[in-house]
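Asker: Under our numbering, think of the first position of the sequence shown as 864, with each following residue one higher. In this text, a Cβ means the ideal position worked out from N, Cα and C, and glycines have one as well.
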Amino acid sequence: MPTEASIAVIGSYAKALVMTADRIPAPGETLIGRDFRGTFGGKGSDMAVQAARLGAGVSYLGVVGDDVYGAEFRALLEQEGVDPVGLRVAAGESTGVGFIVKDTAGANVIVVDPGANNSFSPADVDAAAGALTAADVALAQLEIPLATALHALTVARTAGVTTILNPAPAVDLRGTDLTCLDVLTPNEHEAKAALGLGPDDATPPAELGRRLLALGPRAVVITLGEAGALVVTADGATEVPPVRVAVVDSNGAGDSFNAALAVALGEGRDLPAAVRFAGAVAALCCEHWETVPSYQDRATVEAFLASAETTTTTTTEASR
């Protein structure tokens, strides 16, 4: 077992309120739904839980409201062994929440109120700076203000901590100084948005990665879904093949990937090896529904990797 990695997650939490209907309602229409459930949501929450289940020591920086949803999140962190050292409870503010209606064909409509996430400020980061500077890897995403995420990663990078930014939800990053980043991890859509390109733009992923490098990160990892991932650095581009599983629900796979990437880098793997590990972890979560319930622990991941290696070796030997 590798030495435990220390991960600081700078992120968001939102309570997800989910319902299924036969179809998405039209404006002004009322439908009867079913299977209502409340689940843990928010990219920061997802990343913190997945990193902890992989055996990392995880600290969390963020803001929730002083309400029942915020209390549920604090209970989740305690249950998962995540240190809430940088979690501020904002009196008079509501915890972030998302209303999600899914239909039986797999489509959905989502309305999100970021709530207290919007008040997560650089001052909150400074109040918990010790958690950042003591980490092996700092991981942020953009369901919080961009200025806060970049401030946190700058504080971490100045202290020699490896830094990762998952630029999701997608945002135009042209003109933004990203020199505080070791790794930028968009999917293909987010990579295009970061460069001000439309979703139908035909620029190849390797070129997207090269253009993103010009913004300042030391490496770009573009996730490509069923096509795997692409690692782009000043030395060139490296393709990382996908891990094949029977996909049930890909929701939360990107957060799982980023958390696993942070853990693998924190344990000392090089970037291509870390991306391969992250791809396997994310693939495993796709075999199950929802986000947090789908995230697997380290023993399950290691057993899966060992089985995959044995299968590959057996197939190779048989083909000789």
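1. I'd like the ranges of any beta strand (DSSP E) spanning at least 3 consecutive residues and lying wholly in the segment 880-952.
2. Can the beta-carbon of residue 958 be found closer than 8 Å to that of residue 983?
3. What distance in whole Å lies between the Cβ atoms of residue 987 and residue 926, which are believed to be in contact at a cut-off of 8 Å?
4. Find the nearest neighbour of residue 1154 within the set 907, 872, 1013, 870, judged by alpha-carbon distance.
5. If we require 4 or more residues per run, which alpha helix (DSSP H) segments fall completely within the segment 1025-1103?
6. From 868, 967, 867, 1100, pick the residue whose C-alpha is nearest to that of residue 886; which is it?
7. Pairing CB atoms from the segment 991-1008 with CB atoms from the segment 875-885, are three or more of them under 8 Å?
8. Report the rounded CA-to-CA distance for residue 1099 versus residue 930, giving the unit in angstroms.
9. If you measure between the beta carbons of residue 1108 and residue 1165, is that distance less than 8 Å?
10. Counting only the same chain and skipping the five closest in sequence on each side, list residues whose C-beta sits under 8 Å from that of residue 1089.
11. Helix, strand or coil, according to DSSP, for residue 1179 in the structure here?
12. Specify the secondary structure class of residue 955 as computed by DSSP and reduced to three states.
13. Going by CA-CA distance only, name the one from 1144, 1064, 943, 993 that's closest to residue 912.
14. Is residue 1010 near residue 1035, with beta carbons less than 8 Å apart?
15. Taking residue 1043 as the reference, give the member of 1026, 1135, 947, 1086 with the closest Cα.
Answerer: Concretely, from the data shown:
1. As for any beta strand (DSSP E) of minimum length 3 sitting wholly inside the segment 880-952, the runs are 897-904, 920-928, ordered along the chain.
2. The Cβ atoms of residue 958 and residue 983 do not sit closer than 8 Å to each other.
3. The distance from the Cβ of residue 926 to that of residue 987 is about 6 Å, consistent with a contact at the 8 Å cut-off.
4. Of the candidates 907, 872, 1013, 870, the one whose C-alpha sits nearest the C-alpha of residue 1154 is 907.
5. List check, alpha helix (DSSP H) in window: 1051-1057, 1068-1076.
6. Comparing Cα-Cα distances from residue 886 to each of 868, 967, 867, 1100, the minimum goes to 967.
7. With the rule of 3 Cβ pairs closer than 8 Å, the segment 991-1008 counts as touching the segment 875-885.
8. Looking at the two C-alpha atoms, the distance is approximately 49 Å.
9. Not closer than 8 Å, so no.
10. Apart from sequence neighbours up to five positions away, the residues of its chain that approach residue 1089 with a beta-carbon distance below 8 Å are 1105, ordered along the chain.
11. Reliability of the predicted coordinates at residue 1179 is poor, the pLDDT of 31 falling under 50, and the value obtained from them is presented with this limitation in mind. The answer is helix: DSSP assigns residue 1179 an H, G or I state.
12. Note: residue 955 maps to coil in three-state DSSP.
13. The shortest C-alpha separation from residue 912 is found at 943.
14. No; because the gap between Cβ atoms is not below 8 Å, this pair is not in contact.
15. Ranking the options by Cα distance to residue 1043, first place goes to 1026.
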